[in-house]
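Top line first, the protein sequences correspond to chains A and B.
So the first sequence is numbered by the working numbering: it starts at 8 and just counts up by one.
So the second sequence is numbered by the working numbering: it starts at 210 and just counts up by one.
Don't be surprised by glycine CBs; every beta carbon is placed ideally from N, CA and C.
Only a predicted model underlies this, so the values are computations on that prediction, with no experimental measurement involved.
Encoded as structure tokens, the structure appears first; notes follow it.
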Amino acid sequence: MSESPAPTAPRVNEYTAAFLLLRLFLGLRTLLAGVEKFESGGKYTFENYYANMTRMASGITGASFMPLWMTKNFAHSLGYLLIIFGAALLLGVKTRCTLVLTGLLYVGLSFGLMAVQESEGVAWLAIHVGLIAGALVLVRHNRFSVWADKS
Amino acid sequence: MPDSPSPYPAFTRRDFLATGAKLGAMLVAAPAFVRAATGSQTLNVGLIGCGEQGRVLLNAALKIPDIRFKAVCDIWGYNRTYAERLLGKFGHEAKPFEDYREMLAAVPDLDAVIVATPDFVHAEHTNAALKAGKHVYCEKLMAHTVEAARSMVVTARETGKLLQIGHQRRSNPRYQHARDRLVKEAHLLGRINNASGQWNRAVTEDLGYPAKYALTEDKLNQYGYANMHEFRNWRWFKRYAGGPISDLGAHQIDIFNWMLGANPSSVLAGGGVDYYKNHEWYDNAYVIYEYPTPTGIVRCTYQVLTTTSAGGGYHEYFMGDEGALKISENPKYTKLYREARAPEWDQWVDKGLIGRPGSGEGAPAPVKPWEKPKPKLGGPSKSATVDVRETAELSAWDIPVTLDKAIHQPHLENFFDAIRKDTPLNCTGDQAFASAVTVLKVNEAIAARTMLTFKPTDFVV
């Protein structure tokens, strides 16, 4: 009979803390990524938002094979979606589902940057997608949610 | 039987000679008459000196319409053949000559001559061409001595022919815009108090030559050269030229005079042959000039260093109390700076005289078309970085005028336009004489190790 102690599973609150940190980071990052799209010259307005997003859409279209209607639709909805997903992550609203949708949004954004060969931006987004994938692995330890996922 | 009257008018020997002379004169003048009658603007040009600078001028002139090179002259067959072949490729049938006197005699219908020989023969070649009735474009520095330069101005006056000296910055549209619009019209620099100029150039090897094409000692001596090494590297030897201050500095010191509209009253200089063992001329020189101008003294420094490319290349820098202009033939060294105390410059942007900070040449990489411009950050706090004696930072603006031609082309165009249309030259012999006096005094000041003064009459022929 061995005298060494039996391995014990990590305590639940360590996983909970790890996920919470990820959720907070991703929530803040996503929320602020959406908010900054309304900024121009230090001012935040809807007018700035549409100017910024139209510039983004026409810039991507001008440098890639993607049609303007596609990039415009994506760009004009991007900021709102980032804010919604960011807030949902912070509040804990259907976190599993929100993580998947946020991940898909970042993959979509990566696709646009891949199309214009913006490797640096793609690499940054890949880090985001990797963090979301890690969060999905830990999502079962999610706590402090206003609207929890069904277990 | 009385002589019947002849049906033909009497034709004496005297009549024959007079008519023959008139016909001969008409034949000689025929090309000019034909050109005048047909409205042709083509100018016949000869080149004396087909070395490095001659080739630069040839290549620039070949881009100008209605120029026909009819003769090239160089004492070295190697250079002569190069120029002849280059011109042949562009359809110019230029006759080669070793001696400029033969060229001037054998090709009488030349309208103009370009002189790109070593400085010590500029006056000889220019004066001969002017006396032969040709307009002359002569490379700078116009001569290696003040007296030689003076003789060129006098000959131009006596013959009534045009003399343009190759200070080509005066015809550069960016320089003209800077002086005429930014400094004179908009007064963007305020009162100019100081200027600096420099040409820092890395070590260069002496020029060699293919041994089989070397000139004989007799031939070299006939044309005033001691040996083949000095013939190829004449810029470094005192009997042929004025050294780096003349080769490089002349361009920029000429711009001091031109921009300030004045000649200096004194010069203080130091320099020496400190690096090169087989050269005679100073390989580095530091100069201080004082220019009396209507708004006060402008003190200018100039340096020419031939052993380093460090220190910011080559440019002229005019500094006033409201702004500063850094200008060079190389656009990357060109910038306009506004002092924080100066009146706003936005009106000059709207008028197209200047570009906003960060636009144009030398600006940081533009924001990608799909990116949102990033908000400006505050940066480190002022108290942590700025000494109390520092004054507010300059803002950098752009000059929206660039030259899209070879740098010598506008100056040659100005010369040819002056011949064809009687438009004013951008660098007459008189103007270049003042610059030559300004430049050549530097070598005297270095040798004398003391401040030398100029009299206003020194700059006048």
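Task: Residues from the segment 68–98 of chain A in contact with chain B, defined by Cβ distance under 8 angstroms - done: Gly69 and Ala70
Open item on the list: Cβ closer than 9 angstroms: which chain A residues qualify as neighbours of B:Pro578?
Closed with: Arg62, Met63, Ser65, Gly66, Ile67, Gly69, Ala70 and Val123
- [ ] State yes or no: is the C-beta of B:Gly399 within less than 7 angstroms of the C-beta of B:Glu553?
- [x] no
Open item on the list: If we define contact as Cβ-Cβ less than 7 angstroms, is A:Asn59 a contact residue for chain B?
Closed with: yes
Task: Beta-carbon proximity check, B:Met361 vs B:Ala332, cutoff 7 angstroms - done: yes
- [ ] Using a Cβ-Cβ cut-off of 7 angstroms, state whether A:Thr23 counts as contacting chain B.
- [x] no
Open item on the list: Can you find the residues in the same chain that come closer than 7 angstroms, C-beta to C-beta, to B:Val355, ignoring five residues on each side of it along the sequence?
Closed with: Ala645, Val646 and Leu649
TODO: Determine, using beta-carbon pairs with one atom in the segment 383–395 of chain B and one in the segment 545–565 of chain B, whether at least three such pairs fall under 8 angstroms.
DONE: yes
TODO: Take the Cβ of A:Ser117 as the centre, count every other Cβ of all protein chains shown within 10 Å, and call the residue buried at 16 or more, exposed below.
DONE: buried
Open item on the list: For B:Lys581, would you say it is in contact with chain A, using Cβ-to-Cβ distances shorter than 7 angstroms as the test?
Closed with: yes
Task: First and last residue of the uninterrupted beta strand (DSSP E) at B:Thr637 - done: First-last for B:Thr637: undefined, no H or E at that position.
Open item on the list: Taking 7 angstroms as the threshold (C-beta atoms), are A:Ser71 and A:Ala40 in contact?
Closed with: no
Open item on the list: Using the three-state DSSP reduction, which class does B:Gly399 fall into: helix, strand or coil?
Closed with: coil
Open item on the list: By DSSP's criteria, B:Ile536 is part of a beta bridge. Which residues make up the other side?
Closed with: B:Glu525
Task: B:Asn442 vs B:Leu416 beta-carbon contact at 7 angstroms - done: yes
TODO: Using the Cα positions of B:Lys583 and A:Ile67, report the straight-line distance between them to the nearest angstrom.
DONE: 18 angstroms
- [ ] Could you tell me whether the segment 287–295 of chain B touches the segment 356–376 of chain B, where touching means 3 or more Cβ pairs closer than 8 angstroms?
- [x] no
Task: Residue environment, B:Tyr434, which counts as buried when at least 16 other CB atoms sit within 10 Å - done: buried
Task: For B:Phe446, the three-state DSSP class (helix, strand or coil) - done: coil
- [ ] Out of B:Leu424, B:Cys282, B:Leu661 and B:Gly286, point me to the one whose CA is closest to B:Asp308's CA.
- [x] B:Cys282
- [ ] Report yes if the C-beta distance between B:Leu350 and B:Phe625 is below 7 angstroms; otherwise report no.
- [x] no
Task: Own chain residues within Cβ distance below 7 angstroms of B:Cys259, not counting five before or after - done: Val281, Asp283, Asn288, Arg289, Tyr291 and Ala292
Task: Assumed close pair B:Gly529, B:Phe465 - CB separation to whole angstroms, cut-off 8 angstroms - done: Their Cβ separation, rounded to whole angstroms, is 14 angstroms, which puts B:Gly529 and B:Phe465 out of contact at 8 angstroms.
Task: Whole-Å CB distance - B:Ala519 paired with B:Ile454, under 8 angstroms assumed - done: Actually they do not touch by this definition, with Cβ atoms about 19 angstroms apart.
Open item on the list: Quick check on the burial criterion: 16 or more other C-beta atoms within 10 angstroms. Buried or exposed for B:Ala245?
Closed with: With a pLDDT of 49 at B:Ala245, under the threshold of 50, the modelled position of this residue cannot be trusted, and the question is left open.
TODO: Could you tell me which residues DSSP puts in a beta bridge with A:Glu46?
DONE: A:Tyr51
Task: N- and C-terminal bounds of the alpha helix (DSSP H) containing B:Pro619 - done: Gln618 to Lys630
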